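Residue numbers (the numbering used here), protein chains in the order written: chain A, 1 to 457; chain B, 1001 to 1457.
The C-beta atom is built at its ideal place from N, Cα and C for all residues, glycine as well.
All values reported here derive from a predicted model rather than from experimental measurement.
There are 2 protein chains.
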Amino acid sequence: MAKFKGFLFGVFFVGSIALNIFFLTNNLYAGHVNKQQLSWSQRAAAEAEAVASVSCSGHGITYLDGLFLDEKPVCECNSCYGGPTCSHFLPDCVADADSGDPLFLEPFWMQHAESSAVLVAGWHRMSYVFADQSYMSQVLQNHILKVHSIARNAITKGKYLVFGGGSTQLLSAAVFALSLNSSSLARVVAASPYYPVYKTQTDFFETAHFEFQGDALLMKRTSNSTGNAIEFVTSPNNPDGLLRKAVLPGSSVNAIYDHAYYWPHFTAIPAPADEDVMIFTISKLTGHAGSRFGWALVKDEDVYLNMLKYMQLAELGVSRDTQLRALQLLKVVLEGDGREIFHFAYEKMRDRWEKISQIVSLSKRYTIQDIPPQYCNFFEKVRGPSPAYVWLKCEREEDTNCNAVLRGANIIGRLGSLFNASDRYVRLSLLKRDDDFNLLLYRLKELVSKEGGAETL
Amino acid sequence: MAKFKGFLFGVFFVGSIALNIFFLTNNLYAGHVNKQQLSWSQRAAAEAEAVASVSCSGHGITYLDGLFLDEKPVCECNSCYGGPTCSHFLPDCVADADSGDPLFLEPFWMQHAESSAVLVAGWHRMSYVFADQSYMSQVLQNHILKVHSIARNAITKGKYLVFGGGSTQLLSAAVFALSLNSSSLARVVAASPYYPVYKTQTDFFETAHFEFQGDALLMKRTSNSTGNAIEFVTSPNNPDGLLRKAVLPGSSVNAIYDHAYYWPHFTAIPAPADEDVMIFTISKLTGHAGSRFGWALVKDEDVYLNMLKYMQLAELGVSRDTQLRALQLLKVVLEGDGREIFHFAYEKMRDRWEKISQIVSLSKRYTIQDIPPQYCNFFEKVRGPSPAYVWLKCEREEDTNCNAVLRGANIIGRLGSLFNASDRYVRLSLLKRDDDFNLLLYRLKELVSKEGGAETL
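Dropping the structure here:
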């Protein structure tokens, strides 16, 4: 009996020691993990994770500042999806390809959740100014220059940098800046088809110093001297994705180069752009259209100072919250060899273009723009097209309003006349989510397959 | 011997059990705390805490997007402090009271570190638009309305809300919006002394529809009919802190009420403001001047639509990063009874005014504005002044440039003529950090004590 008791005792003792060892090693490890025990930031981080953990069936998304129902975030469903978890597809829903909303990049950021998050403290940058009394983050400026050197899409050396609320604000700032330098009225033009905002914005803000005149090609043909002209040059162009130069002769024109799409995502980069005024936007680089952040590279000091003046009087600079966000996003862009986002975006856009091309090639009624293969300085090879938009043309004589034709096929595009082109043209956005693109593709397939005489799909 | 061995064995055994009980309870607790184990947000949260944990001797601050040296964030020192941890006071440093930088609220946010932090996911609000296709967060709008109902400083019922990049952008948007409605040229005025930006901004953006004309009082005295006028009414006024109404008769003027300072922080609230166009800014409510966020309450639908059009063409709305930040800040403002920030701010500003008043009261050469006690709807009692600025006057005949006089005493203010007033006046900011205010007070004491004939301090 004593021997049995002794044996039992021994077993318990060995077991207890074993348990000690287990707890000891476990705690040491947990201690290591918990080395990063958070304090004041815990709540905000946990809240963000909780909101993001809500499932919207892969067809919707929740946001920290979205609506809540019973203390649970409400899913904001992708187009054509509905229901509390966005699981219902709405079959008669229209394929809306109107807007250049760059959500095709959303999955990239979900794949980079950890590196792309940023926690903003309550006291972050409350001041009107940075330590150097400016409105622009020096650190963010440095990151922008690095991105350009990797993308090889712009010469930054010897250029001044100006931040703005998207390229939208910088387009206006540039017009003001260039027109203030001269005594005569600056006539603002752009070569058709052109981005509608050049006209609507310039008309709205028209001063005694500038006036929107219309088509640059028309001005070139009709004027003896272009005098004091400001030409918007979009390269690659919106809507047709073709690379461009100014049409007005260099000596008499100040060109504003809108390079929103001049990234490997959307075009071959034959050479780094090296113009006097070049405007970029984060909307079309990282996809963060909602952040309202863009920058201009400016050669002339007077033009630069005028643009700074514009930014001061218009808004006292770009929000510091936006600048912090932009910095975090560019840090992710620059991770590793800094090329990942360009590969991601190019693959996606090229794939979408190929699919659309393939459908349209089977059609007798519709054509799309031809973008020839071109050598790209970034990919260091000849590459094919991957434009942001389809510039679709209705070829049938009776189809004078192409947008109406597409509307009949449950597709919404943007009317050609808005771009100062014919209504035979429609711009279709390839930039939106997979859900949007897949529906567009499906509807185009349906449309083409109904042509009769065309190959059955 | 066996008995001793048995005793030892027993001790170890009991000790082992005790250790196990300790580990067990510790792990359970740790497990409870770690219930909130973070995943993808951990890195961002830890980084923010690490940056904030760097000491700058209470005379500086570190930011996530500031400069780094040897992977450590560099302290951005308060005015007149230097050194790697901002511990050196620079004794001959000038007291800079020029800018209305509202950093006096920074300590409030440091006291509310946990509730005011916000973690922005990489995929947060990438789209150009909210779910309702607008540029404005519905949830943020609701919070703004709540803040007004607690502060009791504005009637919001029946008004439209417009977001802008600070009140700065909304001032311009309002001028455009009001001037577009009429066929004749709108003459823009403000009653002296007035905030310089009304003139500089309106001049810069001058269109065929409006023109800055100058002093509203002058227009009132010299014009038979004011015709189509737009009057900026700042209430309480910048620089003198007095509550105001439009000076031009109501029938012929469209007034833009700049209520940037119409909070309990800076003035009695005799009644909720109820004008047709009222502009507020988060800069002077929470102190987040760097965020560039303001809002307008607008009565007339056409004016509202015009302001929306302005925001669309100028910038495609306010950054979604800024709107998320503003929402988090207003959530903190609304915590508890929603009155804490008003008490904090009022106490601080009132204390600063009393200290300045006390010094100046001993002077024969300088006077400051008189703000009579007034009933306040928020505090529900008669309360004294707590304005954002001192509007100092040099009374000696020879002191025609008061700013130069102060400059001689190592104080920088903002020249009276910038406000369309006499250079006998200088505006001194009471809004900055304690370090800034304490130095200003010290220099003023020195200045007054050197008067001779004045009481020795």
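(request) For B/Leu1428, collect the residues of the same chain with a Cβ closer than 7 Å to its Cβ; drop the 5 residues on either side in sequence, then sort them by chain order. (result) Ala1097, Tyr1389, Val1390, Leu1392, Gly1413, Leu1440
(message) Which residues of the stretch 319 to 337 of chain A have a Cβ closer than 9 Å to any Cβ of chain B? Give them in chain order.
(response) Using a CB distance below 9 Å, the part of the stretch 319 to 337 of chain A facing chain B consists of Ser319, Arg320, Asp321, Thr322, Gln323, Leu324, Arg325, Ala326, Leu327, Gln328, Leu329, Val332, ordered along the chain.
(request) Within its chain, find whatever has a CB closer than 6 Å to the CB of A/Asn228; leave out the 5 residues flanking it on each side and keep chain order. (result) Ser182, Ser184, Ala186
(message) Closer than 7 Å to a non-hydrogen atom of the ligand HEM - does that hold for the CB of B/Asp1300?
(response) The ligand HEM is absent from the structure shown, which contains no ligand whatsoever.
(request) Could you tell me whether the Cβ atoms of B/Thr1286 and B/Leu1105 are closer together than 8 Å? (result) yes
(message) Using C-beta distances below 8 Å, list every residue in its chain close to B/Leu1067, excluding the 5 sequence neighbours before and after it, in chain order.
(response) Scanning its chain for C-beta atoms nearer than 8 Å, with the 5 sequence neighbours on each side dropped, one finds around B/Leu1067 the residues Pro1073, Val1074, in chain order.
(request) For A/Asn155, I'd like the list of residues in its chain whose CB is within less than 6 Å of its CB, leaving aside the five on either flank, ordered along the chain. (result) The sequence as given places Ile at residue 155 of chain A; Asn does not occur at that position. Once the five neighbours on either side are set aside, the close Cβ partners of A/Ile155 are Pro272, Asp274.
(message) I'd like to confirm the pairing. Which residues does DSSP put opposite A/Phe232 in its beta bridges?
(response) A/Ala190, A/Ile256
(request) Scan the stretch 1411 to 1424 of chain B for residues whose Cβ lies nearer than 8 Å to a Cβ of chain A and list them as they occur along the chain. (result) none
(message) For B/Tyr1198, report the span of its alpha helix (DSSP H) as first-last.
(response) 1197 to 1204
(request) Taking only beta-carbon positions, decide if B/Ile1126 is within less than 8 Å of chain A. (result) The sequence given here places Met at residue 1126 of chain B; Ile does not occur at that position. It does: the Cβ of B/Met1126 has a partner Cβ on chain A nearer than 8 Å.
(request) Classify B/Ala1095 as buried or exposed, calling it buried when 16 or more other Cβ atoms lie within 10 Å of its own Cβ. (result) buried
(message) Less than 7 Å between C-beta atoms, sequence neighbours within five positions excluded: which residues of the same chain meet that for B/Leu1297?
(response) Ala1154, Thr1156, Lys1159, Leu1161, Met1278.
(request) Under the assumption that A/Ala191 contacts A/Ala216 (Cβ atoms under 8 Å), give the Cβ distance between them as a whole number of angstroms. (result) 4 Å
(request) Return the residues of the stretch 1434 to 1454 of chain B that lie within a Cβ-Cβ distance of less than 9 Å from chain A, sorted by chain order. (result) Within the stretch 1434 to 1454 of chain B, no residue qualifies.
(request) Check the Cβ-Cβ distances between A/Arg43 and every residue of chain B, and say whether any is below 8 Å. (result) yes
(request) Classify B/Thr1367 as helix, strand or coil using the three-state DSSP reduction. (result) In the structure shown, B/Thr1367 sits in a strand (DSSP, three-state: E or B).
(message) Residues of the stretch 211 to 234 of chain A in Cβ contact with chain B at a cutoff of 9 Å, in chain order, please.
(response) none
(request) Identify, in the order they occur along the chain, each residue of the same chain with its Cβ nearer than 8 Å to the Cβ of B/Gly1006, setting aside the five sequence neighbours on each side. (result) none
(message) By the DSSP assignment, the beta strand (DSSP E) with B/Thr1281 in it spans what residues?
(response) 1277 to 1281
(request) Report yes or no: is there a C-beta of chain A within less than 8 Å of the C-beta of B/Asp1065? (result) yes
(message) Measuring straight from C-alpha to C-alpha, what distance separates B/Glu1380 and B/Tyr1262?
(response) 16 Å
(message) Could you tell me the alpha carbon to alpha carbon distance between A/Ala2 and A/Leu8, rounded to whole angstroms?
(response) For the pair A/Ala2 and A/Leu8, the Cα-to-Cα distance works out to about 10 Å.
(request) Answer with yes or no whether the minimum CB distance from A/Arg152 to chain B is below 8 Å. (result) no
(request) Have a look at the DSSP bridge pairing and note the partners of B/Tyr1389. (result) B/Ser1429
(message) To the nearest angstrom, how far is the alpha carbon of B/Ser1363 from that of B/Phe1089?
(response) Taking the straight line from one Cα to the other gives about 28 Å.
(request) Counting only the same chain and skipping the five closest in sequence on each side, list residues whose C-beta sits under 8 Å from that of A/Tyr417. (result) Residue identity differs from the one stated: residue 417 of chain A is Ser in this sequence, not Tyr. Apart from the 5 residues on each side of it in sequence, A/Ser417 sits with its Cβ closer than 8 Å to the Cβ of Asp423 in its chain, given in chain order.
(message) Would A/Met110 pass as an interface residue toward chain B - the criterion being a Cβ-Cβ separation below 8 Å?
(response) yes
(request) List in chain order: all unbroken alpha helix (DSSP H) runs of 4+ residues lying wholly within the stretch 158 to 188 of chain A. (result) 166 to 179
(request) Please list the partners that B/Thr1267 has in chain A, where partner means a Cβ-to-Cβ separation under 7 Å. (result) By Cβ distance, chain A contributes nothing, its closest Cβ being about 21 Å from B/Thr1267, past 7 Å.
(request) Per DSSP, which residues does B/Trp1295 bridge with? Please list them. (result) B/Phe1163, B/Phe1280
(request) Would you grab the beta carbon distance between A/Ser41 and B/Ala1045 for me? Rounded to a whole angstrom, and I think it's under 8 Å. (result) 4 Å
(message) Between the alpha carbons of B/Ala1117 and B/Leu1064, how many angstroms are there, rounded?
(response) 13 Å
(message) Please tell me whether A/Val189 has its Cβ less than 8 Å away from any Cβ of chain B.
(response) no
(request) From the DSSP output, read off the bridge partner residues of A/Glu526. (result) Residue 526 of chain A is absent from the model: chain A starts at 1 and stops at 457.
(request) Tell me, please, whether the stretch 203 to 212 of chain A touches the stretch 1198 to 1206 of chain B by the rule of three or more beta-carbon pairs shorter than 8 Å. (result) yes
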